[in-house]
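See structure below.
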Amino acid sequence: MSLSIVIMAAGKGTRMNSDLPKVLHQANGKALVAYVIQKARKLDPDKIVLIIGHQADKVREATAGFPVSLAVQEPQLGTGHAIMQAEPFLHDFVGDIVILSGDAPLFTTRTLRELVAFHRSTRAVATVLTAELENPTGYGRIIRSKNGEEVLKIVEQKDATLSERAIKEINSGVYVFDSVDLFSALHSITNDNAQQEYYLTDVFGICFNKGKKVCAFKVRDPDEIRGINTPEQLSEAEELLKSGKYE
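Each residue of the sequence shown is one higher than the last, beginning at 23 in this note's numbering.
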């Protein structure tokens, strides 16, 4: 089975209190995005596409030593728009596409391999990497079918009912998609929302409406899905990376 990987690395990271692109902030002397690329390469993908945007030249220079294709997202119009920029690099690719974030360096190679294997074994068109958090406030919740096998919907906190907010399984923002279904759905999403952005999560709504199978794979260690948005979170990630558990 063919595999490609898309890494989102176009954001500003305004809460980092720095003009440096968020993915270039360093943890233990290495850029966050370098951790993500190095782990992605261990899956031996056909292609890695890095989506760059904010201060693209700096990110291009910092990643010049890696065998990645660079797609520029300018302007930045949301996560769905980011993945649209990868399509020209993958127009002849048929297989599975893993989507990662360049500011989330803690997932392990083992988890990624297990995620892809699970996705293929279930024959889903899309699989979400999830985690169970004691305090899931702010995250999108995963609503599973009664038998637990399939995902029925992913609901953002602001749209969730009280019973849905009580769910502790959350969306990590790491996904595996069938390439054909992904780009077909991306062509159908709109920016008809308050932010006027194209959201990658809207792809799931299209899958659900078409009766396509969506599954979820829950990570054992919730720390793996930590993103980095603040200097404090960067410090915490540095300590976790030092432990050697997150390779």
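We put the CB at the ideal spot given by N, CA and C, even for glycine.
Among residues of its own chain, excluding the 5 on either side of residue i, which ones have a beta-carbon nearer than 8 Å to its beta-carbon?
i    : result
Q48  : L54
L262 : L128, D245, R248, Y268
Q217 : G100
Have a look at residue i and residue j and give me their C-alpha separation to the nearest angstrom.
i    : j    : result
D245 : G266 : 13 Å
A126 : R37  : 15 Å
T131 : N213 : 34 Å
R248 : G233 : 31 Å
K235 : A148 : 7 Å
T144 : T133 : 16 Å
N157 : R187 : 10 Å
L184 : T159 : 12 Å
R142 : R135 : 11 Å
Using a Cβ-Cβ cutoff of less than 7 Å, which residues in the same chain neighbour residue i once the five nearest sequence positions on both sides are dropped?
i    : result
A32  : I73, I74, G75, H76, Q95, Q98, A104
A182 : R163
Looking at residue i: is its Cβ nearer than 7 Å to the Cβ of residue j?
i    : j    : result
I211 : Y220 : yes
V71  : A56  : no
C237 : A146 : yes
L155 : I192 : yes
F199 : I250 : no
L46  : A108 : no
M23  : S123 : no
A207 : I176 : no
V28  : I165 : no
S194 : L137 : no
Below 8 Å on the Cβ atoms is my guess for residue i versus residue j; work out the distance and round it to an integer in Å.
i    : j    : result
G102 : L222 : 4 Å
V90  : I59  : 6 Å
F239 : F111 : Their Cβ separation, rounded to whole angstroms, is 26 Å, which puts F239 and F111 out of contact at 8 Å.
Once you ignore the five residues that flank residue i on each side, which residues in its own chain have a CB closer than 6 Å to its CB?
i    : result
S167 : L174
F115 : S26, S201
K44  : G33, G35, M38, D125
G61  : Note on residue identity: the sequence assigns Lys, not Gly, to residue 61. Excluding positions up to five away in sequence, the list reads T131.
For chain D, find out if any of its Cβ atoms is closer than 7 Å to the Cβ of residue i; answer yes or no.
i    : result
E109 : Protein chains in the displayed structure number just one, and chain D is not present.
Which runs of the alpha helix (DSSP H), 4 residues or longer, sit entirely within the segment 27 to 99?
54 to 63, 78 to 84
Would you mind listing the alpha helix (DSSP H) stretches within the segment 146 to 215 that are 4+ residues and don't spill past its ends, in chain order?
184 to 187, 201 to 208
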